[in-house]
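Novice: Before I ask anything, here is the structure I am working with.
In the numbering used here, the protein residues as written are 5 to 125.
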C-alpha cells in the first residue's frame, strides 16, 4: 500500500538520479535523455485511468514541453481495455497480458492472442 502512495515520488527520484549523467566540467549539451518505464498493477491516478501514458515536464499555462530529455512512461496493467489503436499497433497490450498472466504457459497463450501455445497438463 505504501508503494502505491509513494510511487509518484519514488519514480521521479529514480528518474532524476539517472538524469545526472554528466561529470563535473562536462558540457550540458552532452546530457543524455532518460526514460523511466513503470509497469504497475495499480493506477497512479485513479481519477484519470489510462492504459499507457507518456509524461514529460510541461509549462502548465501554455502547454508546451519544457524538455524532451526527461520522460516517465506508465503501463497500467489494470486498464488493458483502454489500449488505444497506437498501443495495439506496437503490441503494448500483448506485453501487458504477458505481465498480468499468473503461469508461464498461460502467459504465452495470453500474449499470443492466437492460441499457438498450448498449456501443458
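Here a beta-carbon is modelled for each residue, glycine too, at the ideal position from N, C-alpha and C.
Under the DSSP definition of a beta bridge, which residues are partnered with residue 62?
Specialist: Locating residue 62 in the chain shown gives position 58, where the first residue counts as 1. 69, per the DSSP bridge assignment.
Novice: Could you tell me the distance, in whole angstroms, from the CA atom of residue 89 to the CA atom of residue 100?
Specialist: Position 85 of the chain shown, counted from the first residue, corresponds to residue 89. Position 96 of the chain shown, counted from the first residue, corresponds to residue 100. Their Cα atoms are separated by approximately 15 Å.
Novice: Pick from 62, 94, 58: whose alpha carbon is nearest that of residue 2?
Specialist: Beyond the ends of the chain as shown, which are 5 and 125, falls residue 2; an answer cannot be given.
Novice: Quick check on the DSSP output: the alpha helix (DSSP H) that includes residue 31 runs from which residue to which?
Specialist: As a first step, residue 31 is located in the chain shown; it is residue number 27 there, counting from the start. No alpha helix (DSSP H) contains residue 31, which DSSP labels as neither H nor E.
Novice: Which residues does DSSP pair with residue 77 in a beta bridge?
Specialist: As a first step, residue 77 must be located in the chain shown, where it is residue number 73. DSSP lists 41, 58 as partners of residue 77.
Novice: Taking the C-alpha atoms as reference points, what is the distance between residue 71 and residue 54?
Specialist: Along the chain shown, one-based indexing puts residue 71 at 67. Along the chain shown, one-based indexing puts residue 54 at 50. Computed Cα separation, rounded: 23 Å.
Novice: With three or more beta-carbon pairs closer than 8 Å as the criterion, would you say the segment 43–52 touches the segment 77–95?
Specialist: Taking 8 Å as the limit for Cβ pairs, the verdict is that the segment 77–95 does touch the segment 43–52.
Novice: Could you tell me if residue 84 is buried or exposed, where buried requires 16 or more neighbouring beta carbons within 10 angstroms of its beta carbon?
Specialist: The residue labelled residue 84 in the question sits at position 80 within the chain shown. Buried is the call here.
Novice: In angstroms with no decimal places, state the Cα-to-Cα distance between residue 69 and residue 62.
Specialist: Residue mapping note: residue 69 aligns to position 65 of the chain shown, counting from 1. Residue mapping note: residue 62 aligns to position 58 of the chain shown, counting from 1. Approximately 4 Å between the Cα atoms of the pair.
Novice: Just confirm the distance between the C-beta atoms of residue 74 and residue 60, as a whole number of angstroms; I'd bet it's less than 8 Å.
Specialist: The count along the chain shown starts at 1 and reaches residue 74 at position 70. The count along the chain shown starts at 1 and reaches residue 60 at position 56. Confirmed, Cβ separation roughly 6 Å.
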